[in-house]
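In this note's numbering, the protein residues as written are 81 to 378. Cβ coordinates follow ideal geometry from the N, Cα and C atoms, glycine included.
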Amino acid sequence: MNAAQHRLADTVLEATGVTMIFGGLTALNDVSLSLGEGRIVGLIGPNGAGKTTFFNCLTGLYVPTRGSVRLKGTELPSDPAKVTSAGVARTFQNVRLFPNMTVLENVLVGRHIQMKQGPIASLFHGPAFHKGERAARERSRELLEFVGLRDIENEVARNLPYGDQRRLEIARALATEPAVLLLDEPTAGMNPQETEAARQLIFRIRDTGVSVVVIEHDTKFIFSLCDSVSVLVQGEVLVEGTPETVREDPRVIEAYLGKPREEVEAEVAEAAAETTTVISRIDDDQTAVIDKYREDQP
Ligand SMILES: Nc1ncnc2c1ncn2[C@@H]1O[C@H](COP(=O)(O)OP(=O)(O)OP(=O)(O)O)[C@@H](O)[C@H]1O
Ligand SMILES: [Mg+2]
């Protein structure tokens with residue numbers, strides 16, 4: 081097998097020349113992306129670059145104006161449910177859970193998509209149905225354990241902290257037993273500890289054999305997670321390559337940050353100095369409050 085053939089055999093998801101035009105707006109122009117088996121690919125770019133639109137084209141939510149999306153060589157249908165059944169699962173930029181269902185029920189919904197349990201089977205509730213249900217619960221609990229939410233399976237989803245809601249959405253996506261998982265800003269709104277936990281979780285997902293595409297604004301997160309990174313700017317792929325090459329590319333620094341690197345570094349240094357001033361002022365204020373409190377004590 082030569083290198084080109086090997087690359088072909090290795091590819092799970094292949095988007096070719098995807099173009100999406102809304103009225104007069106070209107949101108995506110000739111975007112191609114290749115996801116190898118067991119790989120994690122990152123998609124970064126400024127707000128409005130077309131990242132979510134690209135996911136919508138991959139998952140059949142939008143029908144691209146031009147281009148094709150293939151999963152293991154087979155063209156994907158323009159129907160989100162069929163795309164999920166074919167093996168592509170996703171999470172959304174704005175978490176989309178069933179807020180009034182429990183944690184476990186949310187994962188079971190994903191599982192039922194995978195089982196394709198029809199309404200007739202649920203009507204008659206025969207032995208096969210009950211066996212299927214037991215297996216579904218077992219697998220759902222396994223996935224909750226995997227993402228670290230097993231202890232709170234009976235909590236109502238809307239009561240979960242934001243980071244847990246994001247992890248639950250991932251568990252639900254995994255319940256469809258996908259070959260490919262698409263994550264749209266999985267760490268948005270997370271603190272540094274939660275972000276690191278999310279990074280480790282994505283590695284573990286990859287280790288189970290699922291290939292992953294991640295959209296994220298946090299470039300440090302992306303560069304330390306992905307095997308390759310595509311930079312989307314105004315609907316076009318500006319650069320694609322390993323984290324090392326993308327990170328150092330002056331076009332990326334300028335396009336992504338909107339200004340030359342030196343200027344950004346100076347701004348960061350200035351912001352850091354200001355933060356230190358504010359923190360020491362807060363410390364002083366707190367000391368004054370504590371002193372006052374102690375004085376007031378009998
Ligand atoms: N259904 C739609 N109809 C019209 N325009 C749309 C539609 N969906 C997206 N767009 C436009 O396409 C462009 C790309 O939007 P998109 O949400 O894909 O960007 P993004 O890279 O995900 O941005 P962000 O980082 O803010 O999430 C925007 O100009 C947006 O307004
Ligand atoms: Mg988006």
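Own chain, CB closer than 6 Å to residue i, minus 5 neighbours either side, in chain order
| i | result |
| --- | --- |
| Asn-109 | Thr-99, Gly-315 and Glu-316 |
| Gln-85 | Confidence at Gln-85 is low in this model, with a pLDDT of 47, below 50, so the placement of that residue should be treated as unreliable; the coordinate-derived value is given next. For Gln-85, where only same-chain residues beyond five positions count, there are no Cβ hits under 6 Å. |
| Glu-274 | Gly-243 |
| Asp-307 | Arg-119 and Ile-120 |
| Leu-262 | Phe-135, Arg-170 and Val-293 |
| Pro-179 | Ala-237 and Arg-238 |
| Arg-150 | Glu-94 |
Own chain partners of residue i with C-beta closer than 7 Å, once the 5 adjacent residues on each side are dropped
| i | result |
| --- | --- |
| Arg-252 | Asn-186, Val-187, Val-189 and Gly-190 |
| Arg-87 | Unreliable placement is indicated for Arg-87, whose pLDDT of 49 sits below 50; the coordinate value is still reported in the next sentence. Excluding positions up to five away in sequence, the list is empty. |
| Asp-365 | none |
| Gly-118 | Arg-286, Gly-289 and Ser-291 |
| Gly-97 | Asp-110, Ser-112, Arg-146 and Gly-147 |
Reference residue i, options the options, closest by Cα
| i | options | result |
| --- | --- | --- |
| Leu-93 | Glu-328, Pro-323, Val-292 and Glu-350 | Val-292 |
| Phe-135 | Leu-113, Gly-118, Thr-154 and Gly-153 | Leu-113 |
| Ala-259 | Ile-285, Pro-144 and Thr-367 | Ile-285 |
| Leu-305 | Ile-124, Leu-105 and Phe-102 | Ile-124 |
| Pro-126 | Val-311, Thr-325, Gly-321 and Arg-217 | Val-311 |
| Val-326 | Val-313, Lys-300 and Val-309 | Val-309 |
| Phe-102 | Tyr-142, Leu-115, Glu-117 and Gly-118 | Tyr-142 |
| Thr-267 | Thr-154, Pro-330 and Thr-299 | Thr-299 |
| Val-163 | Ile-193, Pro-179 and Thr-355 | Ile-193 |
| Leu-105 | Thr-322, Val-369 and Ala-129 | Ala-129 |
| Pro-241 | Leu-254, Gly-212, Arg-214 and Asn-271 | Asn-271 |
| Ala-389 | Ala-255, Thr-154 and Phe-226 | Limits of the chain in this structure are 81 at one end and 378 at the other, which puts residue 389 out of reach. |
| Leu-115 | Arg-230, Val-168 and Thr-356 | Val-168 |
| Pro-160 | Cys-137, Ala-352, Glu-347 and Glu-213 | Cys-137 |
| Phe-226 | Tyr-373, Asn-239, Ala-278 and Thr-356 | Ala-278 |
| Gly-153 | Ala-107, Thr-91 and Ala-352 | Thr-91 |
Residues near residue i by beta carbon distance below 8 Å, same chain, minus five either side
| i | result |
| --- | --- |
| Lys-181 | The sequence as given places Met at residue 181; Lys does not occur at that position. So the list reads Val-189, Val-236 and Ala-237, once near-sequence residues are dropped. |
| Leu-184 | Arg-217, Ser-220, Arg-221, Leu-224, Glu-233 and Asn-234 |
| Asp-264 | Lys-131, Thr-132, Phe-135, Arg-170, Thr-171, Phe-172, Gln-173 and Ile-295 |
| Val-175 | Tyr-242, Gln-245, Arg-246 and Glu-249 |
| Ile-282 | Ile-120, Leu-263, Pro-266, Val-292, Val-294 and Leu-305 |
| Arg-331 | Leu-318 and Val-319 |
| Ala-351 | none |
| Arg-230 | Arg-221 and Leu-224 |
Beta-carbon separation (whole angstroms), residue i vs residue j, contact threshold 8 Å
| i | j | result |
| --- | --- | --- |
| Glu-257 | Thr-171 | Not confirmed; about 15 Å, so no contact. |
| Val-111 | Ala-95 | 7 Å |
| Gly-52 | Ser-165 | It is not possible to answer for residue 52, since the shown part of the chain is limited to 81 through 378. |
| Gly-269 | Arg-247 | Contact flag wrong, Cβ pair sits at about 12 Å. |
| Gln-280 | Leu-177 | With a Cβ gap of about 22 Å, Gln-280 and Leu-177 do not count as contacting. |
| Ala-335 | Val-369 | In fact, because the Cβ distance is near 47 Å, the residues do not count as touching under 8 Å. |
| Pro-323 | Phe-303 | 4 Å |
Residue i beta carbon near ligand 3 (any heavy atom closer than 8 Å)
| i | result |
| --- | --- |
| Ala-129 | Among the ligands present in this structure, namely ligand 1 and ligand 2, ligand 3 is not found. |
- request: Could you please go through the chain and list the residues whose beta-carbon is closer than 7 Å to any non-hydrogen atom of ligand 2?
  value: Lys-131, Thr-132, Gln-173, Asp-264, Glu-265 and Ile-295
message: For the region 313-333 against the region 143-152, do three or more pairs of beta-carbon atoms, one drawn from each stretch, fall closer than 8 Å, so that the two count as touching?
response: no
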